[in-house]
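Residue numbers (my numbering): 6 to 200. Below is one structure, written out as structure tokens; comments come after it.
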Amino acid sequence: MTQGERAVRLLLIGPPGSGKGTQGKRVAQRYGVEHIAAGDLLRLEVETESGIGRRAAASMQRGELVPDALVYELVMPRVLAAGKANGYVLDGFPRSVGQAEEGRAIFEDNDVAVRLAVLLDAIPDDLLPRLLERAQSEGRFDDTPEVIRARLDVFKEEVEPLLAFYRERGLLVTVDASGSPDDVWAQLQAVVEST
Ligand code: ADP
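Quick look at the structure:
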């Protein structure tokens, strides 16, 4: 039932296109923890036209953050369950200081606090060509050029205070995300295994 001293409870922070999804999946597979990707969970709700999906759709279509209450409803129970099992890798949540504070309160109360926050460091505007290319192949409904630009802008607005939140608590590590997925993965594994 308990996760032990060394359970992986990791948060990935990074601009759209920095590889959070790819690296999150690798972490999950390698360390046997759950990959909890807020954007994937939200898109599924939108696609299945659930109550949460209907309330989240408009913000997502504009590339803006969806209201916190919807994200909490979707993500919090999963984080608590995964934390009580083997651990988790969070991808895209918390995404603002408000969410980080709410998360901290609830996770600490349940003994499943984030142990490590990793910034996948890349220059947001450099990622635009990669994102536009991916948009053609993957067909995400929030991957039009205009929405991608909005998502990059939201990231730039939210990221500094979010990083400060984790830095102040001694939990933040930066990984250079400008290289290949294998290169980023090598750095990420080294970070996870040294903490
Ligand atoms: P990316 O990081 O490439 O922008 P995500 O799949 O992580 O993509 O997120 C897609 C969209 O889902 C965001 O633009 C936002 O509308 C919504 N979203 C994801 N995570 C959150 C969150 N923690 N809080 C609010 N909205 C979120």
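Yeah, the Cβ is synthetic: ideal placement off N, Cα and C, and Gly gets one too. Keep in mind that this is a model prediction, so the values were computed, not measured.
| request: From the DSSP output, read off the bridge partner residues of GLU39. | output: As a first step, residue 39 is located in the sequence shown; it is residue number 34 there, counting from the start. TYR93.
| Taking buried to mean at least 16 other C-beta atoms within 10 Å of its own C-beta, is MET6 buried or exposed? | By 1-based counting over the sequence shown, the position of residue 6 is 1. Note that MET6 scores 38 on pLDDT, short of 50, meaning its location in the model is unreliable; the coordinates nonetheless yield the value given after this. MET6 should be labelled exposed.
Practice item. Note the first and the last residue of the continuous beta strand (DSSP E) segment covering ILE128. Key: Position 123 of the sequence shown, counting from 1, holds the residue named residue 128. No beta strand (DSSP E) holds ILE128; DSSP gives it neither H nor E.
On a Cα-Cα basis, can you pick out the residue from VAL196, PRO186 and VAL13 that is closest to ASN91? Counting from 1 along the sequence shown, the entry for residue 91 is found at position 86. Of the candidates VAL196, PRO186 and VAL13, the one whose C-alpha sits nearest the C-alpha of ASN91 is VAL13.
What residue from ALA61, ARG174, GLY175 and TRP190 has the CA that sits closest to ASP181's CA?
The residue given as residue 181 occupies position 176 in the sequence shown. Closest by C-alpha distance to ASP181, out of ALA61, ARG174, GLY175 and TRP190, is TRP190.
4-residue-minimum alpha helix (DSSP H) runs that sit fully inside the segment 46-96, ordered along the chain
For secondary structure counted as the alpha helix (DSSP H) over 4 or more consecutive residues, the segment 46-96 holds these complete runs in sequence order: 56-67 and 73-89.
* Asked: Out of curiosity, what's the CA-to-CA distance linking GLN141 and ASP114?
  -> The count along the sequence shown starts at 1 and reaches residue 141 at position 136. The count along the sequence shown starts at 1 and reaches residue 114 at position 109. Computed Cα separation, rounded: 43 Å.
Query - Three-way DSSP call (helix, strand, coil) for MET6 in this model - result: Within the sequence shown, numbered from 1, the residue matching residue 6 stands at position 1. Residue confidence for MET6 is low, a pLDDT of 38 falling below 50, so the modelled location carries little weight; the figure read from the coordinates is stated next. Assignment of MET6 by DSSP, reduced to helix, strand and coil, places it in the coil class.
Helix, strand or coil at THR149 according to DSSP, with G and I counted as helix = Start at 1 with the first residue of the sequence shown, and residue 149 comes out as number 144. If DSSP states are grouped into helix, strand and coil, THR149 belongs with coil.
**Prompt:** What separation, rounded to the nearest whole angstrom, lies between the Cα atoms of PRO82 and MET65?
**Reply:** Stepping through the sequence shown from its first residue, residue 82 is reached at position 77. Stepping through the sequence shown from its first residue, residue 65 is reached at position 60. Using only the alpha carbons, I get a separation of about 22 Å.
Mind checking PRO21: buried by the 16 CB within 10 Å criterion, or exposed?
By 1-based counting over the sequence shown, the position of residue 21 is 16. In summary, PRO21 is buried, with 16 or more beta-carbon neighbours lying within 10 Å of its beta-carbon over all protein chains present.
Inset, instruction - Ignore the nearest five residues each way along the sequence and tell me which others in GLY108's own chain have a CB closer than 6 Å to its CB. - result: In the sequence shown, counting from the first residue as 1, residue 108 sits at position 103. The beta carbon of GLY108 lies closer than 6 Å to those of PRO99 in the same chain, with the five residues before and after it left out.
Run the proximity test for LEU47: is its beta-carbon closer than 7 Å to any non-hydrogen atom belonging to the ligand ADP? Translated into positions along the sequence shown, residue 47 becomes position 42. LEU47: yes, Cβ under 7 Å from the ligand ADP.
| query | Under the criterion of a Cβ to heavy atom distance below 7 Å, does SER64 qualify as lining the ligand ADP? | reply | As a first step, residue 64 is located in the sequence shown; it is residue number 59 there, counting from the start. Yes.
Limits of the unbroken beta strand (DSSP E) element including ARG174: Within the sequence shown, numbered from 1, the residue matching residue 174 stands at position 169. Here ARG174 belongs to no beta strand (DSSP E), and DSSP marks it neither H nor E.
How far does the alpha helix (DSSP H) with ARG109 in it extend, from its first residue to its last?
Counting from one through the sequence shown, the residue named residue 109 turns up at place 104. Here the alpha helix (DSSP H) through ARG109 covers 102-114.
If you measure between the beta carbons of VAL38 and ALA105, is that distance less than 8 Å? Along the sequence shown, read from residue 1 onward, the residue named residue 38 stands at position 33. Along the sequence shown, read from residue 1 onward, the residue named residue 105 stands at position 100. At a Cβ-Cβ threshold of 8 Å, VAL38 and ALA105 do not count as neighbours.
Is the Cβ-Cβ distance between ALA62 and GLY97 less than 8 Å?
Taking the sequence shown and counting its residues from 1, one reaches residue 62 at position 57. Taking the sequence shown and counting its residues from 1, one reaches residue 97 at position 92. Not a contact, by the Cβ cut-off of 8 Å.
Next on the checklist: By the three-class DSSP mapping on this structure, what secondary structure does VAL119 have?
Outcome noted: Along the sequence shown, read from residue 1 onward, the residue named residue 119 stands at position 114. Taken through DSSP and simplified to helix, strand or coil, VAL119 comes out as coil.
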